[in-house]
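Each position in the sequence shown, counted from 1, maps to that position plus 11 in our numbering. Just so you know, even glycine gets a beta-carbon here, dropped at the ideal spot from N, CA and C. The structure displayed is predicted, hence computed values, not measured ones. To start, the structure itself, in structure tokens.
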Amino acid sequence: MKKNLLIPLLFFILSPLFAGNDITDLAAEAIRQGNAKDLSKYFKENVDLAIGEKEEVYSSAQAELILKDFFSKNTPKTFIIVHQGMSKLGLQYVIGNLTTSTGNFRVSFYIKKSLHGQFIQQLRIDTEQ
12 MKKNLLIPLL
22 FFILSPLFAG
32 NDITDLAAEA
42 IRQGNAKDLS
52 KYFKENVDLA
62 IGEKEEVYSS
72 AQAELILKDF
82 FSKNTPKTFI
92 IVHQGMSKLG
102 LQYVIGNLTT
112 STGNFRVSFY
122 IKKSLHGQFI
132 QQLRIDTEQ
């Protein structure tokens with residue numbers, strides 16, 4: 012009887028350890044779809060957003076509007092993650108190539124883990140040359 016309870020209990024306890032990359036996949040899918048609203052769900056209250064040469068810290072609501080405008084002008088066709096890892100500061104990072112109706116962009120974002128979950132701390136969209 013105890014043996015039957017042990018396996019589900021271990022799964023429940025250990026599953027958060029293996030669910031760490033969920034935000035990466037969800038954010039990548041939001042970028043792929045050009046869905047600023049879904050992407051902004053993964054921002055903390057404030058996010059460092061850089062599109063081209065313009066970089067500012069915005070509230071998540073402001074960042075959502077800026078991204079909505081970007082996606083309306085640059086309709087995504089594909090987004091492919093080309094590299095991901097962990098920075099020296101302990102932040103997870105993701106780098107990908109975004110192909111849009113107007114050209115190609117390099118997208119990178121940093122994910123910070125906290126007691127309350129994972130959040131995108133910084134998002135950069137740079138023109139590919």
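Considering only their Cβ atoms, is the gap separating residue j from residue i smaller than 8 Å?
i, j, result
"A170", "I92", "Any property of residue 170 remains undetermined from this structure, which presents the chain solely from 12 to 140."
"V58", "Q103", "no"
"K55", "F120", "no"
"G45", "D137", "no"
"T113", "K84", "yes"
"F90", "R43", "yes"
"V105", "T35", "yes"
By Cβ distance, which residues of its chain are closer than 6 Å to residue i, with the 5 residues on each side in sequence left out?
i, result
"V68", "N57, D59"
Given a threshold of 16 other Cβ atoms within 10 Å of its Cβ, counted over all protein chains shown, does residue i qualify as buried or as exposed?
i, result
"L126", "exposed"
"L17", "Summary for L17: the model assigns pLDDT 47, below 50, so the residue's position carries little reliability; its value from the coordinates is reported in the next sentence. L17 should be labelled exposed."
"L100", "exposed"
"E139", "exposed"
"G107", "buried"
"G96", "exposed"
On the DSSP bridge list, what partners appear for residue i?
i, result
"E67", "L60"
"G114", "Beta-bridge pairing links G114 to no other residue."
"K124", "Q129"
Beta-carbon within less than 7 Å of residue i's beta-carbon, same chain only, minus the 5 sequence neighbours each way: which residues are those?
i, result
"A74", "S51, F54, V58, L60"
"H94", "I106"
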